[in-house]
Structures are given as structure tokens and as C-alpha cells.
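What follows is a short report on a single structure.
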Amino acid sequence: MLELAILGLLEDQELHGYEIRKRLRDELGVFSNVSFGSLYPALSRLERSGALEAVEETDRPAAPPVPMTGSLSGERAAMRAARTTSTRGRRGRKVYRITEEGRRQFTVLLDSDPGPDDARSFGLRLAFARYLPPQARLRLLERRRAQLAERLSETRAAARDAESRLDPYARSLVEHTTESTEQDISWLDRLIEAERARVPAAPASTRATGPAGAELTVSTVVREGEIR
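Take any residue in the sequence shown, count from 1 to its spot, add 309: that is its number in the numbering used here.
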């Protein structure tokens, strides 16, 4: 997941290691505790795989000319400061940029199946969903919707079985979990509906059919919670 997040951030712009860590923590909440001890090994792995390259930043502005003040000691101090600034500017800082191979890896990681019920992975992929083609975005949303629908069914069944054994507090917690899942499904339904409006209709020959040749649209399957 960390490699996916790094490549996604570098799709936007070149970044220093410190800037990558800051954006991981500030913009992608799943990495709020990321450390340089985790970040730099991940950057090294990506660099070795050809997914990114590190370059020296050389576009710092040149030091301004030293003004002639008429004070010998003042001019000497200004000259020393200018030499120090110039030396630091020449050293520059290491900047990371994504490569074409990195873009290929990023697309593969972004469109891969994260496995069952992985909310953190889904949130990360959704944050970069603008880089996916419309059909892939739709698959991402439908996959998550199906996972939540299955979880909701299991939660309701477990609650019915244990209803007589639950005290008011435990029952309240189960109800809260159920309501939260229902809200997430409603949110995903809205996203799916908006995404379907952007996806061109599939040719008639490729549409799935149900019993007796009845056409199954994505919206029908989503409402029934039967996406697999």
C-alpha cells in the first residue's frame, strides 16, 4: 500500500522525501504514522524497480549581488553569507519523480483486487481513482459495495441469532454497526450511479442476461447486493 501511495503522489508532481511524508500523513489518513524508517526503504525499492528516479534539485534562485555599503567589515560579512548560500544551493536536495515504468506499476496496483473487506486499501484507491479509466473505477466501487452488502447480511443474521443474549449496550453497538454499514452502502450507491453516467453503455451482445433472457443491468445487481 505504501508503494501505491508514493506513486500516486508522484503522479501529481515531483516531491522531496520530506514532502512525500508530509502529504502521506496530512492527505492520506491511512498513513498518519508513517516514519522515514518506512518511507525511504520503500523509495529505494521503487527506485531499484525503475518506478521512480531521484534527481538533484538545481532550480534554486541565484544569490543576489552583494551591495556596496562603504563598510569594509559589512561587505566582508555579506560576501561570506553569499558564499555559504551559493554552496548550499549547488548541493540541492534529492527530488523523486515517477517514470513510465512507475506509471505502469501504479496502474496495476491501483486496479488490483485488494482482497476481502479492506477498508484502508479501498480508501487509498478511491483517493487516486481519477487515474483509473471509467470501467475500472466502476469495478472498484462495485467490489466494495458487494463486500459491504455481504457484511451487512452477516451482521443482521448474527444479531438475530444473538438477540436474546445481548444486553442493551451490546445490542446498541450491533445496531450502530448495521446503520454505519447501511450508510456506507448508500454512499457507494450514489457514487456508482454517478460513475455509470460517465461510462458508455456496453454493446447489447456483451450484456449479462438473467433467467429467460432478462437483461441484468449494473444498477439491478447493485440494488440486490449480488455483485461478486
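Glycine included, every Cβ here is placed at the ideal spot set by N, Cα and C.
{"Query": "Evaluate residue 526 with the Cβ neighbour count: other Cβ atoms within 10 Å of its Cβ, from every protein chain shown; 16 or more gives buried, anything less gives exposed.", "Result": "Here the model assigns residue 526 a pLDDT of 38, short of 50, so the residue's position is not dependable, and the following value carries that caveat. Result: exposed."}
{"Query": "Could you check which residue in 326, 412 and 318 has the C-alpha nearest to that of residue 358?", "Result": "412"}
{"Query": "Distance, Cα to Cα, residue 471 vs residue 417?", "Result": "43 Å"}
{"Query": "By how many angstroms is the C-alpha of residue 498 removed from the C-alpha of residue 454?", "Result": "8 Å"}
{"Query": "Could you say which of 504, 475, 477 and 465 lies nearest to residue 491 if we only look at CA atoms?", "Result": "465"}
{"Query": "For residue 507, tell me which candidate among 488, 444 and 402 has the shortest Cα-Cα distance.", "Result": "444"}
{"Query": "Which of the three DSSP states, helix, strand or coil, is assigned to residue 406?", "Result": "strand"}
{"Query": "For the beta strand (DSSP E) that residue 364 lies in, which residues bound it at each end?", "Result": "361-365"}
{"Query": "State the Cα-Cα distance for the pair residue 396 and residue 415, rounded to the nearest angstrom.", "Result": "In this prediction, residue 396 has a pLDDT of 43, which is less than 50 and means its spatial position is unreliable; nothing more can be read from the coordinates."}
{"Query": "So residue 483 is in the alpha helix (DSSP H); what residue range does that whole segment cover?", "Result": "477-507"}
{"Query": "Is it true that the CB of residue 484 sits closer than 8 Å to the CB of residue 407?", "Result": "no"}
{"Query": "Tell me which residues share the same chain as residue 366 and place their Cβ nearer than 8 Å to its Cβ, disregarding the 5 neighbours each side in the sequence.", "Result": "325, 401, 402, 403 and 404"}
{"Query": "Going by CA-CA distance only, name the one from 430, 468 and 462 that's closest to residue 450.", "Result": "430"}
{"Query": "Can you tell me which of the three DSSP states residue 324 falls into?", "Result": "strand"}
{"Query": "For residue 349, which of 502, 312 and 489 has the nearest alpha-carbon?", "Result": "312"}
{"Query": "Which same chain residues end up closer than 8 Å to residue 423 when comparing Cβ atoms and leaving out the 5 residues on each side of it in sequence?", "Result": "430, 431 and 434"}
{"Query": "Just verifying my parser: in three-state terms, what is the DSSP assignment at residue 335?", "Result": "helix"}
{"Query": "Please report how far the alpha carbon of residue 461 lies from the alpha carbon of residue 467, in whole angstroms.", "Result": "10 Å"}
{"Query": "How should residue 463 be labelled, buried or exposed, when 16 other C-beta atoms within 10 angstroms of its C-beta is the threshold for buried?", "Result": "exposed"}
{"Query": "Does the distance from the CB of residue 410 to the CB of residue 360 come in under 8 Å?", "Result": "yes"}
{"Query": "Drop a sphere of 10 angstroms on the beta-carbon of residue 330, count the other beta-carbons inside from all chains shown, and report buried for 16 or more, exposed for fewer.", "Result": "buried"}
{"Query": "Give the secondary structure of residue 423 by DSSP, where H, G and I count as helix, E and B as strand, and everything else as coil.", "Result": "coil"}
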